[in-house]
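*Asks:*
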Amino acid sequence: MTADLTESTPATPHWRVTASQEQQAPGAAGTYTKGRLVIFQLDSGPSGSVFVPNDQLSIDNVRAAVDKAAQQLAAIHALQG
0 MTADLTESTP ATPHWRVTAS QEQQAPGAAG TYTKGRLVIF QLDSGPSGSV FVPNDQLSID
60 NVRAAVDKAA QQLAAIHALQ G
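FYI, numbering that gives the first Met the number 0 numbers position 12 of the sequence shown as 11, with every residue one higher than the one before it.
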């Protein structure tokens, strides 16, 4: 993916994509699904990743998945601090 995914939406913690790679993940039926593993980092330091299957791969879907994961990661990080 070459599009700019470095900007989070205003309602989520600020994050940036640090890497992405092709990967396979187990699907619901026990088969493997090809997709993209997107690794991101919050400005506060913690990092996480999301997997987006190829059939759902779009800039909007990746951004939505990272936004959701970033919110969860920030909430967990806030509990620890």
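The beta carbon of each residue, even a glycine, is placed where N, CA and C say it ideally should be.
#1: Would you mind reading off the limits of the beta strand (DSSP E) that contains residue 56?
#2: What does the alpha-carbon distance come out to for the pair residue 44 and residue 19?
#3: Answer with buried or exposed for residue 78, where buried requires no fewer than 16 other C-beta atoms within 10 angstroms of its C-beta.
#4: Quick check on DSSP: helix, strand or coil for residue 27?
#5: Excluding the five sequence neighbours on either side, which residues of its own chain have a C-beta within less than 6 Å of the C-beta of residue 11, listed in chain order?
#6: Can you grab the Cα-Cα spacing for the pair residue 13 / residue 27, in whole Å?
#7: Measuring CB to CB, does residue 48 end up less than 9 Å from residue 56?
*Replies:* Straight from the coordinates:
#1: Against the sequence shown, residue 56 aligns to sequence position 57. Careful: residue 56 lies outside any beta strand (DSSP E) and carries neither H nor E.
#2: Residue 44 sits at position 45 when you count from the first residue of the sequence shown. Residue 19 sits at position 20 when you count from the first residue of the sequence shown. Each residue's Cα considered, the two are about 18 Å apart.
#3: On the sequence shown, residue 78 is found 79 positions in, with the first residue counted as 1. By the 10 Å Cβ count, residue 78 comes out exposed.
#4: Numbered from 1 along the sequence shown, position 28 holds the residue referred to as residue 27. DSSP places residue 27 in coil when its eight states are reduced to three.
#5: The residue you call residue 11 lines up with position 12 of the sequence shown. If we look at residue 11 and ignore the five residues flanking it on each side, its Cβ neighbours are 66, 69, 70.
#6: Numbered from 1 along the sequence shown, position 14 holds the residue referred to as residue 13. Numbered from 1 along the sequence shown, position 28 holds the residue referred to as residue 27. Taking the straight line joining both Cα atoms gives about 31 Å.
#7: Position 49 of the sequence shown, counted from the start, is the residue given in the question as residue 48. Position 57 of the sequence shown, counted from the start, is the residue given in the question as residue 56. Cβ atoms of residue 48 and residue 56: not closer than 9 Å.
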